[in-house]
Amino acid sequence: MNKQAYDTGYTSDPQLVHLLHNNLHSELETNITNINRFFEHCSDLQTYRFKTGHDDHVVIMYFDGLADKELMDTQLIRPLKGIHTPAHHLEALEELTSAPYIRTSTYIQTIDALTSGKPVMFMDNLSEGRAFQLVQFEKRAIEEPQAESVVRGPREGFTEVLSVNLSLLRRRLRTPALKIVSVDVGVYSKVTVTIAYIEGIVKPGIVELIQKRLQSEVLDGVVESGMIEELIEDTNYSPFPQLQTTERPDVAVASMLEGRVVVLTENTPIALIAPTTMVSLMQSPEDYYQRFMTGTFIRWLRYLFFFIALLAPSSYVAILTFHQEMLPTTLLLRIAQSREEIPFPALLEALIMEVTFEALREAGIRLPKQVGSAVSIVGALVIGQAAIQAGLVSAPMVMVVAITGISSFMLPQYSASFALRILRFPIMILSGMFGLFGMMLCLLAIITHLCGLQSFGVPYMAPLGPLRLQELKDVLIRAPFNKMKKRPSYYSNSNRKRRSN
Amino acid sequence: MSISCRQLFWMITSMQVVMAILLTSSATVRISGQDAWISAMITVLLGIVTVFINVKLSLMYPEKTFIDFVRIMLGPWLGGGMVLLYLLYWFVVYVAILRQFTTFMIGTILPETPVSIIIMLMASVVLYSTLSGLSVIGRMSEFLGPVIIAGIFLPILLSFNNLNAERLLPVLKDHNGFTLLQGSLMGAPFLGDCFLVIMLISFVSKREFVMKHGIGGVLLAGAGFVVSIVATLMVFGPNVTQSFPYPLLMLVRSISVAGIIESLDAIVVAIWIMSIFLKLSIYLFAVSYGTAQWTGTGKWRTYAVVFTILGLPLALLPRNYIEVSVFFPIKVAVPYIFPIIMVGIPLLLWITALVQRNIRVQG
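Sequences listed follow chains A and B, in order.
Under the working numbering, the residues of the first sequence are numbered 1 to 501, in order.
Under the working numbering, the residues of the second sequence are numbered 1001 to 1363, in order.
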């Protein structure tokens, strides 16, 4: 076995590898035989033979289910059957059909065209194939994004089909300055990853950087943009996402207008946005569609619940274990009363409940819909009344866990709430052992990490650290648009004015 | 690694304010009584003088750190020796703060936790931030500085209903100028450790504003110092204030707003930890980066690890609160460190540098 042969992603037969880069033969049957050698055991590859009116042999190869058979018939086969001149006059073909095509001269080009779904036509005495852009496969309609819903805003979401996604972007940015660069990633999957950006606004160098990172051949197949995310992010050793994800074309366009770059991956509706800051993970598209006061209020609420999601269980544990004097006496007595029969220390209690909650949450996502309701009923019992009545968990703890759980759903970015969910546990353990001191140490370590983290050269905590007072207008509040005249400076230094006036 | 002027400002403010308030208020009041706030103002002046001299000195060689320019000025032997003195001093301060902080923690919110564990935890988090580099420490100061300042002023604001101006009387009757100056010296080493700019200045990106921001940083920290002394005096009066080891903490403990907001001290202490944490990080950075420059290896991160490991057992040496928070500041910091290391030597060096430049210009 030749390792090299596998690495091409085309064939496991070392004898065939050298053929890949050969030019197509002028003999029709030789080409067909050779191509069939690559596609051994590929029963979905169809070969259709016919003759033109001039008696020239024509062969069309295509993959069933990827090529649009109806268009092939009307656009290609019928006109060809009708011509009576020698069909290898290339000009004749352009008159015959309006379907766009590319010429393939080598085997590797031909195979790439076939596997991407294009029907390829071969003719006698012609050492090239013609791959027609007649691709039509089953796809999902454009639907409302599931993970990022808004009350006000467009209902369109990205789909799995790259060309549809690009059209959604193009419809919103009618300018030639919208550039789309594509890179094929993965030895086997050869998934097209496109980088969309607005020329003149984009942070310089970032497109090249992403391209370079995409071309590092680590992956042999790309299934979802999460794999692309790991490939291009600055460091993998951080719980915080360094790329924002979105299913919404409006969010993608808005971030391109800020000078950021959108990375779309074929076969997934999740687009990546780079660079990303902590602050942008806390913003929802709706902040900008509502009145600015509403947007500001909701934003403050979100910041507040960000901290609650991160710190509620740990401060409960810390206060109960170390700083009881902080609670008003009546409240303390109430809590003490409800904890009277609990056999565990507060820390253990909190850990049990939090882990249970995370498990229920995970199970709720993974379980088939038919048994989903069973889990939610049992779950409600487990972390609800039954646990309290059994005397295993105190009622205040259930409340704390419930508030924490609800708060973590308030973050608009799903991946950011993962960071919270993970970090909650070390903070909880340290606060259970060292009170607020442990909690503060953990927080300081997290802040150090966040201040050191960078996303494509942009400090993750920008504009808070390094501080840019002007840009707090879009952080502490959502200022009215006529007050936000400039784009964020950390995304792009050039062309900072939002309008030309 | 580079920091901005604003980051320098917040670094100076946040590293000075909490330690100065916590460790020196009581001592200042012990000497100057109800006039301690005047002493505190003189302390602020002393701090400004310190930062002025040290910024002036380091602006003579803005591209270089203290380690390099002292050796250029004084030659490898004398300069090297002096650098060693400073490095040693910074390391001692790092260890002392680590220990003082632990005593503080044990005295306030963690009475039963072993000293060694607190020291180890704090030292490891400090090491983490130091290893991330000065720009990260700068960003953190900029981010945490306002929180720290709020953690000083908000509790004072909340205690407004306890304030009684009569406790400040009589003004300037019981104490003469000399006593007030003596009292002001208690806080001077703490507001004077802005002299670390001699180490930081080569990292600042736009140096034309260093003086402004340096003095501003001392002023803001000094404002916190003065206001806290005024507030504690107005709440407790001089006799009670000087009996507390940490007067401001007592003030926080006494806050009661409408019977709901009470016992804020654990939260406030948690905020103050940030300041001490930043101070430790800056000192650890200074000593490890300085040592790396002094030895010429450039591996300052290795030294940071080494100093952290060395510091742990040393921080355990002092036996109690008195040794580390009373004896060390009064017997060592006030008579020797502040006048000699923070002001005297930099002043001499500055004059030397001016003379050397004049000679160069004339020659």
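Just so it is clear, CB atoms sit at the ideal spot from N, CA and C, and this is done for glycine as well.
- For A/T47, the uninterrupted beta strand (DSSP E) run begins and ends at 45-51, by DSSP.
- Contact note: A/E325 reaches chain B through S1263, using a C-beta cutoff of 7 Å and chain order.
- Counted as a single uninterrupted DSSP element, the alpha helix (DSSP H) harbouring A/L169 occupies residues 162-172.
- For the pair B/F1143 and B/M1019, the CB atoms are not nearer than the 7 Å cut-off.
- Listed along the chain, the chain A residues whose CB falls inside 8 Å of the CB of B/M1105 are F437.
- Straight-line spacing of the CA atoms in A/V207 and A/I195 works out to 7 Å.
- By the CB criterion at 7 Å, A/A402 and A/S338 fall outside the cutoff.
- Setting aside the 5 residues that flank it on each side, A/L469 has no residue in the same chain whose C-beta is closer than 6 Å to its C-beta.
- Your pair B/V1252 and B/P1155 checks out as a contact, with CB atoms roughly 5 Å apart and the cut at 8 Å.
- B/L1172 is a Cβ neighbour of B/D1035, given a cutoff of 7 Å.
- A/A99 is not a Cβ neighbour of A/L66, given a cutoff of 7 Å.
- Close CB contacts of B/G1216 within its chain, under the 7 Å cut and outside five residues either way in sequence, are with F1009 (chain order).
- Under the three-state reduction of DSSP, A/Q454 is assigned to strand.
- Annotation for A/N34: L19, H25, Y107 place their beta carbon closer than 8 Å to its own, counting only its chain and skipping 5 residues before and after.
- DSSP places B/M1199 in the helix class (H, G or I) of the three-state scheme.
- With fewer than 16 other Cβ atoms inside 10 Å of its own Cβ, B/I1359 counts as exposed.
- Between A/F122 and A/L28, the C-beta spacing is below 7 Å.
- Listed along chain B is no residue with a C-beta nearer than 8 Å to that of A/P313; the closest approach is about 16 Å.
- Within the stretch 1079-1133 of chain B, the complete alpha helix (DSSP H) segments of 4 residues or longer fall at 1115-1131, listed in chain order.
- For A/G452, the chain B residues whose Cβ falls inside 7 Å of its Cβ are S1132, V1136, in order along the chain.
- The secondary-structure analysis by DSSP pairs A/M123 across a beta bridge with A/V58.
- Residues of the stretch 457-470 of chain A with a C-beta atom less than 8 Å from some C-beta of chain B are P459, M461, L464, G465, P466, L467, listed in chain order.
- Look at A/P459 here: in three-state DSSP terms it is strand.
- Residue burial annotation: B/G1177 is exposed, with fewer than 16 other C-beta atoms found within 10 angstroms of its C-beta.
- Annotation for A/L178: the continuous beta strand (DSSP E) segment containing it runs 178-185.
- Linking A/P249 to A/L169 through their CA atoms gives a straight-line distance of about 6 Å.
- Within chain B, M1140, F1143, L1144 have C-beta atoms less than 8 Å from the C-beta of A/I447, given in sequence order.
- Listed along chain A, the residues sitting closer than 8 Å to B/A1270 by beta-carbon distance are L436, F437, M439, M440.
- DSSP places A/Q283 outside both helix and strand once states are collapsed to three, so it counts as coil.
- For A/D56 and A/S189, the gap between their C-alpha atoms comes out near 36 Å.
- Look at the beta carbons and you see the stretch 1079-1099 of chain B touching the stretch 1307-1322 of chain B: at least three pairs across the two are nearer than 8 Å.
- By the beta-carbon neighbour count (other beta carbons within 10 angstroms, threshold 16), A/C42 is exposed.
- In the DSSP assignment, A/I198 falls within the unbroken beta strand (DSSP E) covering 191-198.
- Spatial neighbours of A/V251 in its own chain (CB-CB distance under 7 Å, excluding positions within 5 residues in sequence) are listed in chain order as P285.
- According to DSSP, residue pairing for A/N23 in a beta bridge involves A/T106.
- The beta-carbon separation of B/R1301 and B/L1134, rounded to 12 Å, does not stay under the 8 Å limit for a contact.
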